[in-house]
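Written out below as structure tokens is the structure these notes cover.
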């Protein structure tokens with residue numbers, strides 16, 4: 280999406296939030312902690328930001344996990360839905376949102392984890408997935424399931440909203456007073472100083488503090504999932 284420039288130390292601290300979540304997960308494995316029915320979280324990946332929304336059943340088993348991977352250097356976003364039935368991965372639907380080169384992947388499994396449907400579509404052309412693609416998709420599902428659980432246990436929460444005239448407003452319309460560290464605050468102001476309309480921002484809220492994830496000009500709020508829509 281947007282080049283972060285010289286903010287590598289911020290990335291390291293944000294990745295620390297992920298480590299915090301995993302430490303909670305490791306300490307709580309034996310007790311199987313109760314997870315919220317609906318949660319939103321996120322983390323820094325190799326090339327951008329991953330935002331995660333997760334819907335659980337009453338026993339904390341995932342029903343749907345939505346992943347949105349926004350790149351810093353590429354004009355595209357990968358949106359993926361991982362769907363579960365009876366605590367088993369059932370379906371993966373992934374789409375690259377790119378006006379020039381849209382593409383999608385679809386994988387469906389039976390109760391034994393065997394493939395019953397797999398397809399990739401690119402510019403109207405369809406083909407079966409390769410074995411390598413299938414394995415990568417299943418591995419990603421497992422990874423996002425564990426990460427979303429770890430960060431939920433660590434109370435690392437994703438918040439999205441708008442920034443305009445030095446005011447942060449969540450997508451729900453609530454004005455909030457959020458303190459970012461000085462380098463993040465400067466970066467936010469630099470990214471928005473020439474805008475004549477609100478910028479859309481995403482940040483993490485955790486017991487360790489707040490961390491700015493990304494700033495963009497496109498509207499996060501119009502597609503942000505809810506418990507009812509996911």
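Residue numbers (the numbering used here): 280 to 509. Beta carbons are placed, not taken as given, at the ideal position from N, Cα and C, and that holds for glycine.
### Message
Within 8 Å, do at least three Cβ pairs link the region 441-450 to the region 329-336?
### Response
Segments in contact, no.
### Task
State whether the region 414-425 contacts the region 463-475, with contact taken as three or more CB pairs (one from each stretch) at a distance under 8 Å.
No, because fewer than three Cβ pairs between the region 414-425 and the region 463-475 fall closer than 8 Å, the two stretches do not touch.
### Message
Measuring CB atoms only, is the region 333-344 touching the region 464-482, in the sense that at least three cross pairs come out at less than 8 Å?
### Response
no
### Task
Please report the residue range of the beta strand (DSSP E) in which residue 475 lies.
Mapped onto the chain shown, residue 475 falls at position 196. Neither: residue 475 is in no beta strand (DSSP E) and is coded neither H nor E.
#### Entry: Buried versus exposed call for residue 401 [16 or more other C-beta atoms within 10 Å across all chains shown]
Mapped onto the chain shown, residue 401 falls at position 122. Exposed is the call here.
### Query
Between which two residues does the beta strand (DSSP E) harbouring residue 501 extend?
Position 222 of the chain shown, counted from the start, is the residue given in the question as residue 501. No beta strand (DSSP E) contains residue 501, which DSSP labels as neither H nor E.
### Message
Considering just the uninterrupted stretch of the beta strand (DSSP E) at residue 350, what are its terminal residues?
### Response
Residue numbering aside, residue 350 sits at position 71 when the chain shown is read from its first letter. 341-350 is the span of the beta strand (DSSP E), which, as asked, contains residue 350.
### Task
Give me the Cα-Cα distance between residue 444 and residue 467, rounded to the nearest whole angstrom.
On the chain shown, residue 444 is found 165 positions in, with the first residue counted as 1. On the chain shown, residue 467 is found 188 positions in, with the first residue counted as 1. Taking the straight line joining both Cα atoms gives about 12 Å.
### Query
Roughly how many angstroms lie between the CA atoms of residue 307 and residue 487, to the nearest whole one?
As a first step, residue 307 is located in the chain shown; it is residue number 28 there, counting from the start. As a first step, residue 487 is located in the chain shown; it is residue number 208 there, counting from the start. Because the pLDDT at residue 307 is just 46, under 50, the model does not fix this residue reliably, and the value given afterwards should be weighed accordingly. Distance between the alpha carbons of residue 307 and residue 487 is about 19 Å.
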